[in-house]
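Report on one structure; see the data block that follows.
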Amino acid sequence: MSFYRIYRPLTLDEIDNPKVRDTLAQMLEKKADQLPHAFLLSGPKGTGKTTTARIIAKIFNCSNPGKTGPCGRCQICLEIASGRNLDVLEIDAASNRGIDEIRQLRERIGFAPTVSRFCVYIIDEVHMLTAEAFNALLKTLEEPPPHAIFVLATTELAKIPPTIASRCLMIQFDKANPKYLTRAIERIVKKEKIDIAADAVSEIAAIADGSFRDAVKVLEQLSFTKAPITAATVRKTLSLGDAKTVVKLCELILSCRLKDALALIDKTVLAGVDMRQFMSDMLAYLEQQLAPALTNGGKSGMLANYIKLIDLITHAYSDLKLSPRLQLPLKMAILNYCSGIKFQEAHLPQSETGVSDNIKSADAAFKTRVIPSGASSAPLAGLVTLTKMQEHWNDIIDELKPINHSIAGVMRSARPKSLENSIMTIEAFYKFHQEKLSEVKTREAISSVIRKLFGESVTIQIVLGKK
-3 MSFYRIYRPL TLDEIDNPKV RDTLAQMLEK KADQLPHAFL LSGPKGTGKT
47 TTARIIAKIF NCSNPGKTGP CGRCQICLEI ASGRNLDVLE IDAASNRGID
97 EIRQLRERIG FAPTVSRFCV YIIDEVHMLT AEAFNALLKT LEEPPPHAIF
147 VLATTELAKI PPTIASRCLM IQFDKANPKY LTRAIERIVK KEKIDIAADA
197 VSEIAAIADG SFRDAVKVLE QLSFTKAPIT AATVRKTLSL GDAKTVVKLC
247 ELILSCRLKD ALALIDKTVL AGVDMRQFMS DMLAYLEQQL APALTNGGKS
297 GMLANYIKLI DLITHAYSDL KLSPRLQLPL KMAILNYCSG IKFQEAHLPQ
347 SETGVSDNIK SADAAFKTRV IPSGASSAPL AGLVTLTKMQ EHWNDIIDEL
397 KPINHSIAGV MRSARPKSLE NSIMTIEAFY KFHQEKLSEV KTREAISSVI
447 RKLFGESVTI QIVLGKK
């Protein structure tokens, strides 16, 4: 049996989430008929929702409850923990999501419990139910029999209809604090007598990213290692790059040492490192650098560089699933970043010489167009044509993203129609899009991006075209 099942919390005291534990402890002060008949547990995966649902079932049915909650040792508690109690039904809504399943449930709840005081219905991943199934469930929640308790669990609270949520006591599960993850890991380490260093425990807690289940799974995988477990062992076993490599690569990129950065990526891939986790580690490191960069007001220009690199790596991360070569998205992001830096230094328009250094740096950080080495550094005044606008339409949209994502989205369904006498006409095909793009701030933003990319000012006007 896996560690996660063996060491799943069985009583209130064993819950490592203090906020959830305190909420349930308050229930002990009330009589059973004063407690809510429905609960809604929401939060990220692996944070203990299903475990808590079973403990709630014990609170209602324990044969020998104490001041601190269910005993965890009576026959009913043991049956609930092992999933053998006839009056506690666990339903996976992901595979039982239709109205027929909920109708069967409604028929069942009319029957009295067989061995317990209450029938408890735990519906996991409840957000997966169909609209018809939710409507059927709502009728059940509105008029539940006195012996029925419902515990709904979800990782996507926003998908739960308000009519359902309003009839439940909501308990929010946050990602586990590293302190509580560490405590949970150390409890298992002690019982299993695992030889593991403190830094390795901290490493597991960091890798788990707030999930108790993931932390325990990683620990179990490492427990088969014969040698003492260190932080290096953890990262090697899980095919993760070490922290020094992450920092070194970020520094190489930020200093635009392109050849060295690409070579280090190849070396990392050959070492069998998981590129998805490696890129996630890079983003975590860069995120940590934002606060120090903010303290000096971004005067060093590093803030804009961090923002740009984070944006590029984030997009590269999303491209991983489509790439035939795992290292390619990250390499393209680095090429994009370093090419942009060179362009920024060589082609900053002369008209901006009076702008403060930090504004110039922020402006430069979002120039991603690659200019051939032989190109002139002068603005392309008088050379902007409708054809050029059409060719670089996606570049304009990409430059708008950091300013306003919704504008960029609307622009994707519009197109440049004409460009005459420095007046650019953009054609939108929906009334709403025309109104959105016609706003003064929106037209100014589009004009500003065009001026930044092409060095020429244009006036923007929006017309409604035919689909």
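Just so you know, my numbering puts 217 at position 221 of the sequence shown, and the rest follows in order with no gaps. Backbone N, C-alpha and C fix where the C-beta goes; we use that ideal spot for every residue, glycine too. Given the structure is predicted, the values throughout are model-derived calculations rather than measurements.
Per-residue DSSP class, three states only, for residue i
i: Y333; result: helix
i: S225; result: With the sequence shown as reference, residue 225 is identified as Ile, and Ser is not the correct amino acid for it. Correct three-state label for I225: strand.
i: L6; result: coil
i: A377; result: Its pLDDT being 38, under 50, A377 is placed unreliably in this model, and the value from its coordinates should be taken loosely. Residue state, collapsed to three classes: coil.
i: L134; result: helix
i: Y0; result: helix
i: D83; result: coil
i: I419; result: strand
i: F146; result: strand
i: R113; result: coil
i: V265; result: helix
i: I11; result: coil
i: Q217; result: helix
i: V459; result: strand
Length of the line joining the Cα atoms of residue i and residue j
i: I458; j: D307; result: 30 Å
i: Y3; j: T178; result: 14 Å
i: R231; j: F208; result: 18 Å
i: K135; j: T110; result: 24 Å
i: L324; j: L250; result: 18 Å
i: V366; j: C334; result: A caution first: V366 carries a pLDDT of 37, below 50, which makes its placement in the model unreliable, though a value can still be read off. Roughly 10 Å between the two C-alpha positions.
i: I192; j: K186; result: 10 Å
i: L286; j: L74; result: 50 Å
i: L153; j: L460; result: 38 Å
i: S434; j: G405; result: 15 Å
i: N173; j: S91; result: 31 Å
i: G79; j: V212; result: 21 Å
Environment of residue i [buried if 16+ CB atoms lie within 10 Å]
i: V269; result: buried
i: D83; result: buried
i: V243; result: exposed
i: D96; result: exposed
i: G44; result: buried
i: E121; result: buried
i: L290; result: exposed
i: G68; result: buried
i: N57; result: buried
i: N81; result: buried
i: D277; result: buried
i: A358; result: Low confidence applies to A358: its pLDDT is 37, below 50, so where it sits in the model is not reliable, and the reading given next is rough at best. Buried, because 16 or more other Cβ atoms sit within 10 Å of the Cβ of A358.
i: S112; result: buried
Cβ-Cβ separation, residue j to residue i (assumed contact under 8 Å), whole Å
i: L137; j: L125; result: The Cβ separation is near 12 Å, so there is no contact.
i: A201; j: I181; result: 7 Å
i: L322; j: M271; result: 4 Å
i: T46; j: D9; result: No, T46 and D9 are not in contact; Cβ-Cβ is about 18 Å, not under 8 Å.
i: E302; j: L282; result: First, the residue type needs correcting, since residue 302 is Tyr and not Glu in the sequence shown. Y302 to L282, Cβ: 6 Å. Contact.
i: I330; j: M275; result: Incorrect: roughly 11 Å between the Cβ atoms, too far for contact.
Counterpart residues of residue i in DSSP-defined beta bridges
i: S38; result: T150 and Q168
i: G106; result: Bridge partners of G106: none, in fact.
i: D88; result: D120
i: S414; result: T421
Heavy atom of the ligand HEM within 7 Å of residue i beta-carbon
i: A204; result: With respect to small molecules bound, the structure shown includes none, and the ligand HEM cannot be examined in it.
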